[in-house]
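Enquirer: First the structure, then my questions, so here it is.
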């Protein structure tokens, strides 16, 4: 049965991301401003130490794009230290009527920020002075975003993000003059191996609060939008005006049309080899699997001057692609590796164990179970190594053992067809 699942795209490849831009885009998507304002104003409590918080939400036009601009100010100008800021946010969200996922997001985000600053300055949390991120903006943007995302049901959606544009050039902040991205921004991005790109303008585009929000939402980045049906788009505006680009963050909500398949993105590595021995290639394959490759295979080819060669292809996830590229180069001496990013449709797979009686003896056999998107088993396959062990122990043909074990597994594990209906047992 076809079903729809929510999907979110945080598109920060044009003008980067900042906390106010993110909150503005959420409000532009339709998040309840009354809930957001109430949550931020709760920071005026004596325990938090902020006073006269002003929240200005308005529609603006930048480069002919309509966007929502959020500006938050307070009479409190003394920055909080690391420990204070963590306590303020965690105590505030604890008393808000939001989901546990939203509360955890707020806690994770502020910990990402504060821990990064502490490591950069080699200080303990209570002693770390946060300067810019210790003011009202950071706490308000994190809390407001948590409430807004909870209202929009973000925490039950699949969230994607594009690589982060970080700008370039030099800018001045509390510690002096530095290059973009700032040390804190770069360290936060680096902590999750998230991709970034410089430009497209000579200015700071990504802030520590913005990237801390992003890495605690999107597990990985994608250069291209996945297949989806877009339903809403929100634009959040930043403070600066640029000649070259609109200073906006775009967030798109939609529905991902699924059948019974899981959609993900993999990376295919490939290189041509014409001067490496079979022993080296064999060892390289073993090492690639040991280092986390999903699959490795060799294709015989002819290269220039009709020279026989081999095409080595490796399938891996995106996070491991750079490491496995290094392994290929180290082991084969190849001068280059091509990377292709591919969409993949798969069924969910799991390993189950069942007991079978063969020749009067009880044995445990592992079963590979393929499942549809509803979690029902649609295909079974006994583990080959277990069947091989049984064949040696009992003297029965492996083909016969495969039928016996599969039949038993279908009875025990309740196999369904592709549509989720019970299959007749073989």
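Numbering (our numbering), first residue to last: 132 to 557.
Ideal Cβ positions, reconstructed from N, Cα and C, are used throughout, including at glycine.
Predicted model, so just to flag it, every value in this text is computed and none were measured.
Less than 8 Å between the CB atoms is what I'm expecting for residue 513 and residue 533, so what's the real figure, rounded?
Expert: Walking along the chain shown from the start, residue 513 turns up at place 382. Walking along the chain shown from the start, residue 533 turns up at place 402. Between residue 533 and residue 513 the Cβ distance is about 6 Å, and since that is below 8 Å, they are a contact.
Enquirer: Can you give me the Cβ contacts of residue 137 inside the same chain, cut-off strictly under 6 Å, excluding the 5 residues immediately before and after it?
Expert: Numbered from 1 along the chain shown, position 6 holds the residue referred to as residue 137. Excluding sequence neighbours, residue 137 sits near 288.
Enquirer: Buried or exposed: where does residue 325 fall if 16 or more other Cβ atoms within 10 Å of its Cβ makes it buried?
Expert: Your numbering for residue 325 matches position 194 in the chain shown. So residue 325 ends up on the buried side.
Enquirer: Taking the C-alpha atoms as reference points, what is the distance between residue 453 and residue 539?
Expert: Position 322 of the chain shown, counted from the first residue, corresponds to residue 453. Position 408 of the chain shown, counted from the first residue, corresponds to residue 539. C-alpha separation (whole angstroms): 43 Å.
Enquirer: Quick one: residues in its chain with C-beta nearer than 8 Å to the C-beta of residue 243, no 5 flanking neighbours on either side, listed in chain order?
Expert: As a working note, residue 243 is residue 112 in the chain shown. Same-chain partners within the cutoff: 319, 322, 343, 346, 347.
Enquirer: Could you tell me which uninterrupted beta strand (DSSP E) segments, each at least 3 residues in length, are contained entirely in the stretch 360 to 440, listed from first to last along the chain?
Expert: With a minimum length of 3 residues, the continuous beta strand (DSSP E) runs that stay inside the stretch 360 to 440 are 360 to 368, 379 to 389, 393 to 404, 426 to 434.
Enquirer: Assuming the contact rule is C-beta atoms closer than 8 Å, residue 313 and residue 304 should be a hit. Round their C-beta distance to whole Å, please.
Expert: If you number the chain shown from 1, residue 313 lands on position 182. If you number the chain shown from 1, residue 304 lands on position 173. With a Cβ gap of about 7 Å, residue 313 and residue 304 count as contacting.
Enquirer: Out of 248, 166, 271, 357, which one is the CA nearest neighbour of residue 202?
Expert: Numbered from its first residue, the chain shown carries residue 202 at position 71. For residue 202, the nearest C-alpha among the options comes from 271.
Enquirer: Tell me whether the beta-carbon of residue 404 lies closer than 7 Å to the beta-carbon of residue 379.
Expert: Locating residue 404 in the chain shown gives position 273, counting from the first residue. Locating residue 379 in the chain shown gives position 248, counting from the first residue. No.
Enquirer: In three-state terms, what does DSSP make of residue 132?
Expert: To locate residue 132, count along the chain shown from 1; it is residue 1. Low local confidence applies: a pLDDT of 34 at residue 132 is under 50, so the model's placement there is unreliable, and no value is given.
Enquirer: Does the Cβ-Cβ distance between residue 425 and residue 447 come in under 7 Å?
Expert: On the chain shown, residue 425 is found 294 positions in, with the first residue counted as 1. On the chain shown, residue 447 is found 316 positions in, with the first residue counted as 1. Contact: yes.
Enquirer: With three or more C-beta pairs closer than 8 Å as the rule, is the stretch 186 to 202 touching the stretch 366 to 376?
Expert: yes
Enquirer: Would you list the residues sitting across from residue 222 in a DSSP beta bridge?
Expert: Taking the first residue of the chain shown as position 1, residue 222 is located at position 91. Paired residue(s): none; residue 222 is not in a bridge.
Enquirer: Using the C-alpha atoms, what's the distance from residue 359 back to residue 226?
Expert: Numbered from its first residue, the chain shown carries residue 226 at position 95. Numbered from its first residue, the chain shown carries residue 359 at position 228. The alpha-carbon atoms of residue 226 and residue 359 are separated by roughly 36 Å.
Enquirer: Alpha carbons only, please: which of 309, 468, 451, 464 is nearest the one belonging to residue 402?
Expert: Reading the chain shown from its first residue, position 271 is the one you call residue 402. Per the Cα distances, 468.
Enquirer: Near residue 337, what residues of its chain come up, given a Cβ to Cβ distance below 6 Å and the 5 sequence neighbours on each side ignored?
Expert: Residue 337 sits at position 206 when you count from the first residue of the chain shown. Correct list, in chain order: 147, 148, 295, 297, 312, 316.
Enquirer: Alpha carbon to alpha carbon, how far is residue 207 from residue 169? Give it in angstroms, no decimals.
Expert: Locating residue 169 in the chain shown gives position 38, where the first residue counts as 1. Locating residue 207 in the chain shown gives position 76, where the first residue counts as 1. Near 18 Å, if we compare the C-alpha coordinates of residue 207 and residue 169.
Enquirer: Going by the beta-carbon positions, is the gap between residue 291 and residue 393 smaller than 7 Å?
Expert: Locating residue 291 in the chain shown gives position 160, where the first residue counts as 1. Locating residue 393 in the chain shown gives position 262, where the first residue counts as 1. No; because the gap between Cβ atoms is not below 7 Å, this pair is not in contact.
Enquirer: Tell me which residues share the same chain as residue 544 and place their Cβ nearer than 8 Å to its Cβ, disregarding the 5 neighbours each side in the sequence.
Expert: The residue labelled residue 544 in the question sits at position 413 within the chain shown. Same-chain partners within the cutoff: 483, 485, 498, 500, 508, 511.
Enquirer: Have a look at 299, 449, 224, 293 and flag the residue whose alpha-carbon is nearest the alpha-carbon of residue 281.
Expert: Residue numbering aside, residue 281 sits at position 150 when the chain shown is read from its first letter. Nearest option by C-alpha distance: 224.
Enquirer: Use the C-beta contact count for residue 165: other C-beta atoms within 10 angstroms, 16 or more gives buried, fewer gives exposed.
Expert: If you number the chain shown from 1, residue 165 lands on position 34. Under this definition residue 165 is an exposed residue.
Enquirer: Please give the ranges of any beta strand (DSSP E) in the stretch 134 to 176, keeping only runs that are unbroken, at least 3 residues long and fully inside the region.
Expert: 134 to 142
Enquirer: Quickly, what does DSSP pair residue 298 with across the bridge? List them, please.
Expert: The sequence position of residue 298 within the chain shown is 167, counting from 1. 330, 335.
Enquirer: Mind checking whether residue 180 and residue 340 have CB atoms under 7 Å apart?
Expert: As a working note, residue 180 is residue 49 in the chain shown. As a working note, residue 340 is residue 209 in the chain shown. No. Outside cutoff.
Enquirer: To the nearest angstrom, report how far apart residue 132 and residue 386 are at their CA atoms.
Expert: Position 1 of the chain shown holds residue 132. Position 255 of the chain shown holds residue 386. At residue 132 the pLDDT is 34, less than 50, meaning the model places this residue with poor confidence; the figure from the coordinates comes in the next sentence. Distance between the alpha carbons of residue 132 and residue 386 is about 16 Å.
Enquirer: Using the Cβ count rule (16 or more neighbours within 10 Å means buried), how would you classify residue 531?
Expert: Taking the first residue of the chain shown as position 1, residue 531 is located at position 400. Looking at its Cβ environment, which holds fewer than 16 other Cβ atoms inside 10 Å, residue 531 is exposed.
Enquirer: Considering only DSSP beta bridges, list what residue 307 is partnered with.
Expert: Stepping through the chain shown from its first residue, residue 307 is reached at position 176. Its beta-bridge partners are 304.
Enquirer: Under 7 Å between the Cβ atoms of residue 211 and residue 200?
Expert: Position 80 of the chain shown holds residue 211. Position 69 of the chain shown holds residue 200. No. Outside cutoff.
Enquirer: Determine the direct distance from the alpha carbon of residue 142 to that of residue 383, and round the result to whole angstroms.
Expert: In the chain shown, the residue the question calls residue 383 occupies position 252. In the chain shown, the residue the question calls residue 142 occupies position 11. Each residue's Cα considered, the two are about 8 Å apart.
Enquirer: In three-state DSSP terms, what is residue 198?
Expert: Mapped onto the chain shown, residue 198 falls at position 67. Strand.
Enquirer: Distance check for residue 158 and residue 252, CA to CA, integer angstroms please.
Expert: The residue labelled residue 252 in the question sits at position 121 within the chain shown. The residue labelled residue 158 in the question sits at position 27 within the chain shown. Spanning the two alpha carbons is a distance of roughly 35 Å.
Enquirer: Just curious, the beta strand (DSSP E) that residue 492 is in, first and last residue?
Expert: In the chain shown, counting from the first residue as 1, residue 492 sits at position 361. It spans 492 to 502 - the beta strand (DSSP E) in which residue 492 sits, taken as one unbroken run.
Enquirer: What number of angstroms, rounded off, separates the C-alpha of residue 457 from the C-alpha of residue 172?
Expert: In the chain shown, counting from the first residue as 1, residue 457 sits at position 326. In the chain shown, counting from the first residue as 1, residue 172 sits at position 41. About 51 Å.
Enquirer: Under three-state DSSP, which class holds residue 314?
Expert: Stepping through the chain shown from its first residue, residue 314 is reached at position 183. Of the three classes helix, strand and coil, the one that applies to residue 314 here is helix, per DSSP.
Enquirer: Between the C-alpha atoms of residue 551 and residue 481, what's the straight-line distance to the nearest angstrom?
Expert: Locating residue 551 in the chain shown gives position 420, counting from the first residue. Locating residue 481 in the chain shown gives position 350, counting from the first residue. Low confidence applies to residue 551: its pLDDT is 49, below 50, so where it sits in the model is not reliable enough to give any reading.
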